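Visitor: Take a look at the following structure, please.
Residue numbers (our numbering): 263 to 469.
Pasting the structure below:
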């Protein structure tokens, strides 16, 4: 796969898009005057058409990328989710049913006058959801997590069945293999839940 997605085409401002914005406040009136004179010209010659152009984007998907499409998609999405966790521009609403009881709004000690007010766990709920999505994507990419639930050594032999047409696999006395089914299901359920949270809060990753 080859993917290139360019930056958004921003409006160019003579004041905010140049080093003029870093000058001391005492120069504000001069900067405003420069903007007053030149900004209309820039708007006509540049902003009027440049900001209407589509964002540069090129994505080439090969046939091999579909063999394990879930893995390919996880590799593309994971860096975006991780960056959104570090560089927040806002925190969206998260429903209580998607987080542990200890950080639910119903467990808040602060009295809210309306449902639009935030509580002390508001940001923690979004962090929890994001981290669960990251957990799911990381384990979608690296599927070796299953190995931790297989224990011991497998030692078997094949013996003839009663009709002697088939062979039956039988464990020997040296066999110490066992599978932690409970641990496996708990771990796998967490991965599945993380994927479901990604779908549910997909539109919230504008922040």
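No residue lacks a Cβ here, since even glycine has one placed at the ideal position from N, Cα and C. No experiment lies behind these values; they were computed from the predicted model shown.
(1) Given 8 Å as the limit, is there contact between the region 433-443 and the region 409-423, that is, 3 or more CB pairs closer than that?
(2) Give the straight-line distance between the Cα atoms of residue 333 and residue 314, rounded to the nearest whole angstrom.
(3) Once DSSP output is grouped into helix, strand and coil, what is the label at residue 307?
(4) So if DSSP puts residue 429 in a beta bridge, which residue, or which two residues, is it bridged to?
(5) Using the Cα positions of residue 404 and residue 341, report the straight-line distance between them to the nearest angstrom.
(6) Within the continuous alpha helix (DSSP H) that includes residue 345, where are the two ends?
(7) Evaluate contact between the region 377-395 and the region 444-451, counting only Cβ atoms and requiring at least three cross-stretch pairs below 8 Å.
(8) Identify which residue in 274, 345, 389 has its Cα closest to the Cα of residue 456.
(9) Under 8 Å by Cβ, that's how I've got residue 353 and residue 385 pegged, so tell me the actual separation to the nearest angstrom.
(10) In whole angstroms, what is the alpha-carbon distance linking residue 369 and residue 459?
(11) DSSP on residue 386, reduced to helix/strand/coil?
(12) Excluding sequence positions up to five away, which residues of its chain have a Cβ less than 7 Å from the Cβ of residue 411?
(13) Short check: CB of residue 297 to CB of residue 319, under 9 Å?
(14) Looking at residue 266: is its Cβ nearer than 9 Å to the Cβ of residue 321?
(15) Might you give, ordered along the chain, the residues of its own chain that have their beta carbon closer than 8 Å to the beta carbon of residue 253, omitting 5 neighbours on each side?
(16) Relative to the alpha-carbon of residue 311, which residue among 420, 273, 280 has its alpha-carbon at the smallest distance?
(17) May I ask you to report which of helix, strand or coil DSSP gives residue 436?
(18) Tell me whether residue 402 is buried or exposed, calling it buried when 16 or more other Cβ atoms sit within 10 Å of its Cβ.
(19) Measuring CB to CB, does residue 430 end up less than 9 Å from residue 420?
(20) Below 6 Å CB to CB, which residues in the same chain sit around residue 467 once its five sequence neighbours on both sides are set aside?
(21) Put residue 266 into one of helix, strand or coil per three-state DSSP.
(22) In the DSSP assignment, what residue or residues form a beta bridge with residue 413?
Guide: The structure says:
(1) yes
(2) For the purposes of this step, residue 333 is identified with residue 71 of the chain shown, where counting begins at 1. For the purposes of this step, residue 314 is identified with residue 52 of the chain shown, where counting begins at 1. Distance between the alpha carbons of residue 333 and residue 314 is about 35 Å.
(3) In the chain shown, counting from the first residue as 1, residue 307 sits at position 45. Three-state DSSP puts residue 307 in a helix.
(4) Position 167 of the chain shown holds residue 429. Per DSSP, 422.
(5) Residue 404 sits at position 142 when you count from the first residue of the chain shown. Residue 341 sits at position 79 when you count from the first residue of the chain shown. So the alpha carbons of these two residues sit roughly 15 Å apart.
(6) In the chain shown, the residue the question calls residue 345 occupies position 83. It spans 331-348 - the alpha helix (DSSP H) in which residue 345 sits, taken as one unbroken run.
(7) no
(8) By one-based count along the chain shown, residue 456 stands at place 194. Ranking the options by Cα distance to residue 456, first place goes to 389.
(9) Mapped onto the chain shown, residue 353 falls at position 91. Mapped onto the chain shown, residue 385 falls at position 123. Going by Cβ atoms, the distance from residue 353 to residue 385 rounds to 5 Å, so yes, they are a contact pair.
(10) Within the chain shown, numbered from 1, the residue matching residue 369 stands at position 107. Within the chain shown, numbered from 1, the residue matching residue 459 stands at position 197. Those two C-alpha atoms are separated by around 21 Å.
(11) Within the chain shown, residue 386 is the residue found at index 124, counting from 1. DSSP places residue 386 in helix when its eight states are reduced to three.
(12) Mapped onto the chain shown, residue 411 falls at position 149. Cβ within range, chain order: 441, 442, 445, 446.
(13) As a working mapping, residue 297 is identified with position 35 in the chain shown. As a working mapping, residue 319 is identified with position 57 in the chain shown. No, these two residues do not count as a Cβ contact at 9 Å.
(14) In the chain shown, counting from the first residue as 1, residue 266 sits at position 4. In the chain shown, counting from the first residue as 1, residue 321 sits at position 59. Yes, the Cβ-Cβ distance between residue 266 and residue 321 is below 9 Å.
(15) In this structure the chain extends from 263 to 469, so residue 253 is not present and cannot be described.
(16) Along the chain shown, one-based indexing puts residue 311 at 49. It is 273 whose Cα lies nearest to the Cα of residue 311.
(17) Start at 1 with the first residue of the chain shown, and residue 436 comes out as number 174. Coil at residue 436, not helix or strand.
(18) What you label residue 402 is simply residue 140 of the chain shown in a count that begins at 1. The residue in question, residue 402, is buried, as its Cβ has 16 or more Cβ neighbours within 10 Å.
(19) The residue given as residue 430 occupies position 168 in the chain shown. The residue given as residue 420 occupies position 158 in the chain shown. Their beta carbons are under 9 Å apart, which means residue 430 touches residue 420 by this criterion.
(20) On the chain shown, position 205 is the one that residue 467 refers to. Excluding positions up to five away in sequence, the list reads 346.
(21) As a first step, residue 266 is located in the chain shown; it is residue number 4 there, counting from the start. Note: residue 266 maps to strand in three-state DSSP.
(22) As a working mapping, residue 413 is identified with position 151 in the chain shown. Beta-bridge pairing links residue 413 to 440.
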